[in-house]
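*Asks:* In my numbering, the protein residues as written are 1082 to 1250.
For every residue, glycine included, the Cβ atom is placed at its ideal position computed from N, Cα and C.
Structure provided below as structure tokens; questions to follow.
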């Protein structure tokens, strides 16, 4: 529940909050690959492992279903684009730019699911409650349920449908 509330708060804080959170994750992962002198010689294999670590953190800290990391080909093309000094290695800023580009779609998917689950579903539930009251057999049960309980059940059903669709993708 805390993750959901934190994500709602992030919507009000905007893009800066998202960028700060991503930067914390990328800095943590980048620091993992430093040697004793503080220098990073990140090979492509190290970069791929770093991307997997970042996606692991994203999946842990953001609500919703598991999000698969990008393919090696996608990562390779972004490295060629964002390696500004063309040395075949990424510094901290280049690494952060690559990860920001790789995760842009991820944040969009999570945001859309939050909007559907937390705003649209309860609103639709309350709007349809009156319509279901006229259904024989079901109408009496719906009338006895408080609006908040009905909206919660409806929202839970929407979330379960979203999760079941993700299993088939």
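1) Using 10 angstroms around the beta-carbon of residue 1242, count the other beta-carbons present and answer buried if the total reaches 16, otherwise exposed.
2) Using 8 Å as the threshold, is the C-beta distance between residue 1235 and residue 1201 below it?
3) Determine whether the beta carbon atoms of residue 1160 and residue 1134 lie at a separation below 8 Å.
4) Quick one: grab the DSSP three-state call for residue 1099.
5) Okay, do the stretch 1096-1108 and the stretch 1150-1170 touch, 3+ Cβ pairs below 8 Å being the bar?
6) Indicate the three-state DSSP secondary structure (helix, strand or coil) for residue 1161 in the structure shown.
7) Going by C-alpha to C-alpha distance, which of 1108, 1131 and 1229 sits closest to residue 1204?
8) Between the alpha carbons of residue 1186 and residue 1193, how many angstroms are there, rounded?
9) Between residue 1107 and residue 1180, is the Cβ-Cβ spacing less than 8 Å?
10) Taking a contact to mean a Cβ-Cβ separation below 8 Å, would you say residue 1197 touches residue 1239 in this structure?
*Replies:* Taking the definition as stated:
1) So residue 1242 counts as exposed.
2) No. Outside cutoff.
3) It is not a contact, given that the beta carbons lie outside the stated cut-off.
4) The answer is helix: DSSP assigns residue 1099 an H, G or I state.
5) Output reads no: the stretch 1150-1170 does not touch the stretch 1096-1108.
6) Residue state, collapsed to three classes: helix.
7) Per the Cα distances, 1229.
8) Their backbone Cα atoms lie some 11 Å apart in a straight line.
9) A distance below 8 Å separates the beta carbons of residue 1107 and residue 1180.
10) Yes, the Cβ-Cβ distance between residue 1197 and residue 1239 is below 8 Å.
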